[in-house]
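Let me begin by presenting the structure, written as C-alpha cells, before commenting on it.
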C-alpha cells in the first residue's frame with residue numbers, strides 16, 4: 001500500500017527568513033559588508049546577474065529587495081561557495097543570504113522552469129530528481145561484481161553505512177562510480193552496508209536552492225531510516241549529501257562519523273598502495289568540486305590518491321583548489337540547463353572543460369557525481385570527447401586494481 | 001462562483017506494476033497511487049478561474065492510498081475545501097466512481113454549489129474519458145470534453161469553452177451552467193507549491209471525510225476483465241552484443257540485408 005511521503009510540520013522551528021535575518025548573527029554579519037565586490041568578481045555568473053551578491057547586499061540595506069526579486073537573475077546562483085570563500089569579512093553568503101533570496105525570487109516567478117519543477121517533484125515523490133522508480137534504487141547492486149549488504153535484508157550492525165545517493169544509483173555512468181567504490185571497499189576489507197531502496201536523496205540541493213520544505217521532508221525521512229540501524233559512520237559518494245549531513249542533519253541528531261568516499265579512501269592510502277598494481281599511463285587533471293573543495297577544503301586527499309596510482313601524472317588547471325570553477329550543477333543548476341541556455345548564458349561545464357583540455361591531460365578526474373554527466377556532455381558539445389575522458393577518482397583507483405587476484 | 005474539481009488517484013506507472021494473483025487486476029499491495037495528471041490540470045484551471053472571477057474551489061476525491069497528500073497539496077495550492085468520500089470501495093470502476101461523485105453532489109442541499117464541475121478529460125485507467133460524461137449524464141447537466149480554456153460569464157451563468165480538435169482546429173462553445181467539463185490541459189502548466197506550504201496545510205487545514213452516498217443499484221457490469229498480463233517480449237527481437245563498433249557493423253549488415261541500405 002502507499003506509504004506517506006509528507007508529514008505535517010511538527011514544531012515551529014525558529015527559522016531564518018529575510019524578515020527576521022537582522023535579529024540573528026548571520027544577519028548582522030551582512031552589515032559588515034564593505035562593498036569591495038570580491039564576491040561579484042569571483043561569481044562564475046557574476047557577469048550575467050542583474051544583482052550579484054555585492055549589489056544584493058547594497059539593495060538589502062537600502063530596503064529595495066523587491067527590485068531584486070523582480071529580476072530572475074539570482075536563479076543563476078549555482079551555490080558554488082566562491083563568493084563566500086573570497087569574502088574578506090567572512091560573510092556566509094552561500095549558506096544564508098543566497099538561498100533565502102533565491103526562494104523569494106522563485107516565489108515571485110510567474111512559473112517555475114519546467115525541468116526544475118519536475119526534478120523537485122520527482123525528488124519528493126521518488127526520492128531522486130530523475131524520477132526513476134524508488135524501488136529500483138538498488139538495482140545496480142547486482143552488477144557490482146562484489147557482495148553488497150543491504151541493511152533491510154540483513155540488519156546486522158556495520159562499521160560503514162555507505163550512502164550511495166541518486167546519480168550514483170541510477171545514472172549509468174554514475175553507477176560506474178558505485179561499482180568501483182564497492183570493489184575498493186571490498187578489497188580493503190571494509191565492513192560496509194547500504195540502505196538500498198530505503199535510501200532517498202539527502203536533499204541538499206533543495207536546501208541550497210529554495211525548497212526548504214522538501215529538504216526537511218527528506219531529512220526527516222532519512223534520519224528515521226538511519227535510526228533503524230546500527231553503524232559507526234556514514235560515507236557518501238556525493239559531496240552534496242556530505243554537506244547536508246555535516247551541516248544540517250546534526251540538528252536532528254545526526255551524530256555518526258562522516259566522510260565522503262574520496263577523503264575516506266585517502267585515509268586508506270597505505271593499504272590501497274599495494275592493490276594499485278596496474279599502471280595507468282594517463283595525464284590527469286583534477287577538478288575540485290565546490291562542496292568538497294571550498295566548503296570542506298578537501299584539496300589534498302583526491303590528489304594524494306591520484307598520485308598513488310602508478311603511471312598517473314597530475315597536472316593542474318589554471319583555476320584549481322579554492323579558485324576552481326563550478327561545473328554549474330549546484331544550487332539547482334543541474335535542472336536549469338535549458339533555462340540558462342534560453343538566457344544565452346555560457347554553460348559553466350563548458351567553461352571548465354576548456355581549461356581542462358588546455359592542460360593537455362587525457363583524463364579529467366572528479367569526485368562529485370554531478371560532474372560526470374556535465375563534463376562528458378560539455379566535452380561532446382565542444383568536440384573534445386576524443387581528446388579527454390571524465391573519470392571519478394574511484395573509477396581510476398578501481399581501474400588500477402584490475403587484474404588483482 | 002462555485003467550482004468543483006473531481007480528483008482521481010491512479011496507479012503510478014513509474015514504479016513497477018505487478019499483476020495480482022488471479023491474473024485479472026494489478027496487485028494493489030504493490031501499487032503506489034498518484035493524482036491523475038489531467039486532474040492536476042483540471043485543478044489548475046479551477047484555480048485560474050478562481051483568480052479571475054473569484055469564488056470557491058472544492059476538491060472532491062474518493063478515498064485511496066496517498067489521496068490525503070493530493071488533497072493537502074490542492075489546499076496548499078489555493079483550493080478552499082477538500083472533501084474525501086471515505087467508503088466508496090476499493091478500486092471502483094469508472095462507472096462506480098461517476099455514480100459516487102454524482103450521488104454526493106446531488107445530496108448537497110444547494111445544487112448551485114457547483115456552477116462548474118471540472119475533471120481531467122482522461123485518466124490512465126479511464127482512457128475512454130468516461131468519468132466526466134457519466135457524471136454529467138447522472139446529474140442531467142451539459143458536458144464538454146477536451147477543453148483547454150474556459151471563460152465564465154458569472155451573472156449570465158454561461159461559460160465559453162475552447163475545445164481542441166485534431167490538426168490545430170479549435171472550437172468555441174457557449175455552455176449553460178452548471179456544466180461538467182473534461183479538461184485536456186490547463187491554460188498554463190500546473191503550478192508548483194513549495195513542500196513547506198503543503199506541510200503547513202497538513203497542520204492547519206482539514207480534509208472533510210464524508211460517507212459514500214447510497215446509490216441506486218448500478219446493475220451488473222456488462223464488461224468484465226478476462227485476463228491481465230505483462231507485455232511479453234516479442235520472439236523476433238534480437239539483442240546485438242559487442243563493442244559499439246561491432247554493434248554498429250551488425251546494424252549496417254541487417255539494414256543492408258533487408259534492402260534498406
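Chains as they are written, first to last, in this note's numbering: chain A, 1 to 405; chain B, 1 to 261.
Just so you know, even glycine gets a beta-carbon here, dropped at the ideal spot from N, CA and C.
Treat the numbers as computed from the prediction; the structure is a model and nothing was measured.
Delimiting residues of the alpha helix (DSSP H) encompassing residue i
{"i": "residue 247 of chain A", "result": "239 to 247"}
{"i": "residue 163 of chain B", "result": "That residue, residue 163 of chain B, is in no alpha helix (DSSP H); its beta strand (DSSP E) goes 158 to 164."}
{"i": "residue 196 of chain B", "result": "195 to 204"}
{"i": "residue 355 of chain A", "result": "348 to 358"}
{"i": "residue 335 of chain A", "result": "Neither: residue 335 of chain A is in no alpha helix (DSSP H) and is coded neither H nor E."}
{"i": "residue 125 of chain A", "result": "114 to 126"}
{"i": "residue 31 of chain A", "result": "25 to 31"}
{"i": "residue 298 of chain A", "result": "Note, residue 298 of chain A: premise wrong, no alpha helix (DSSP H); not H, not E."}
{"i": "residue 262 of chain A", "result": "261 to 266"}
{"i": "residue 171 of chain B", "result": "No alpha helix (DSSP H) contains residue 171 of chain B, which is instead part of the beta strand (DSSP E) from 170 to 176."}
{"i": "residue 73 of chain B", "result": "67 to 77"}
Residue i: contacting residues in chain B (beta-carbon distance under 9 Å)
{"i": "residue 134 of chain A", "result": "14, 15 and 32"}
{"i": "residue 376 of chain A", "result": "Per Cβ cutoff of 9 Å: no residues; residue 376 of chain A is ~15 Å from chain B at best."}
{"i": "residue 131 of chain A", "result": "14"}
Neighbour list for residue i in chain A, Cβ cutoff strictly below 9 Å
{"i": "residue 140 of chain B", "result": "Simply none; closest approach about 36 Å."}
Start and end residues, beta strand (DSSP E) containing residue i
{"i": "residue 33 of chain B", "result": "33 to 35"}
{"i": "residue 286 of chain A", "result": "283 to 286"}
{"i": "residue 162 of chain A", "result": "158 to 163"}
{"i": "residue 61 of chain B", "result": "56 to 62"}
{"i": "residue 119 of chain B", "result": "116 to 120"}
Simplified DSSP state of residue i, which is helix, strand or coil
{"i": "residue 8 of chain B", "result": "coil"}
{"i": "residue 261 of chain B", "result": "coil"}
{"i": "residue 55 of chain A", "result": "helix"}
{"i": "residue 382 of chain A", "result": "coil"}
{"i": "residue 152 of chain A", "result": "coil"}
{"i": "residue 254 of chain B", "result": "helix"}
{"i": "residue 152 of chain B", "result": "strand"}
{"i": "residue 11 of chain A", "result": "Residue placement at residue 11 of chain A is poorly supported in this model, since its pLDDT is 45, which falls under 50; the coordinates still yield a value, given next. Coil."}
{"i": "residue 3 of chain A", "result": "Residue placement at residue 3 of chain A cannot be trusted, given a pLDDT of 48 that sits under 50; what the coordinates show is reported in the next sentence. Coil at residue 3 of chain A, not helix or strand."}
{"i": "residue 220 of chain A", "result": "helix"}
{"i": "residue 213 of chain A", "result": "helix"}
{"i": "residue 375 of chain A", "result": "helix"}
{"i": "residue 143 of chain B", "result": "strand"}
{"i": "residue 239 of chain B", "result": "coil"}
{"i": "residue 196 of chain A", "result": "helix"}
{"i": "residue 256 of chain A", "result": "coil"}
{"i": "residue 71 of chain A", "result": "coil"}
{"i": "residue 176 of chain A", "result": "helix"}
{"i": "residue 41 of chain B", "result": "helix"}
{"i": "residue 331 of chain A", "result": "helix"}
{"i": "residue 184 of chain A", "result": "helix"}
{"i": "residue 88 of chain B", "result": "coil"}
{"i": "residue 17 of chain A", "result": "coil"}
{"i": "residue 209 of chain B", "result": "strand"}
{"i": "residue 25 of chain B", "result": "coil"}
{"i": "residue 52 of chain B", "result": "helix"}
{"i": "residue 214 of chain B", "result": "coil"}
{"i": "residue 393 of chain A", "result": "helix"}
Residue i vs residue j beta-carbon contact at 8 Å
{"i": "residue 32 of chain A", "j": "residue 92 of chain A", "result": "no"}
{"i": "residue 105 of chain B", "j": "residue 210 of chain B", "result": "no"}
{"i": "residue 68 of chain A", "j": "residue 56 of chain A", "result": "yes"}
{"i": "residue 391 of chain A", "j": "residue 353 of chain A", "result": "no"}
{"i": "residue 193 of chain A", "j": "residue 151 of chain A", "result": "yes"}
{"i": "residue 365 of chain A", "j": "residue 285 of chain A", "result": "yes"}
{"i": "residue 190 of chain B", "j": "residue 40 of chain B", "result": "yes"}
Contact set between residue i and chain B, taken where Cβ atoms lie within less than 8 Å
{"i": "residue 16 of chain A", "result": "Here the premise fails: no neighbours, minimum Cβ distance about 13 Å."}
{"i": "residue 7 of chain A", "result": "199 and 202"}
7 Å Cβ cut-off: residues of chain B touching residue i
{"i": "residue 214 of chain A", "result": "195"}
{"i": "residue 211 of chain A", "result": "194 and 195"}
Selection of the segment 217 to 233 of chain A by Cβ proximity to chain B, strictly under 7 Å | 217
Scan the segment 172 to 192 of chain B for residues whose Cβ lies nearer than 7 Å to a Cβ of chain A and list them as they occur along the chain.
-> Cβ contacts with chain A: 188, 189 and 192.
Residues of the segment 32 to 57 of chain B with a CB closer than 8 Å to any CB of chain A: list them in chain order, please.
-> 32, 33 and 34
Within 8 Å of chain B by C-beta, residues of the segment 110 to 129 of chain A in sequence order | 111, 112, 114, 117, 120, 121, 124, 125 and 126
Check distances from the C-beta atoms of the segment 216 to 242 of chain B to those of chain A and list, in chain order, the residues that come in under 9 Å.
-> none
Listed in chain order, which residues of the segment 321 to 336 of chain A have Cβ atoms closer than 9 Å to some Cβ of chain B?
-> none
Using Cβ-Cβ distances below 8 Å, what residues of the segment 38 to 51 of chain A are close to chain B?
-> none
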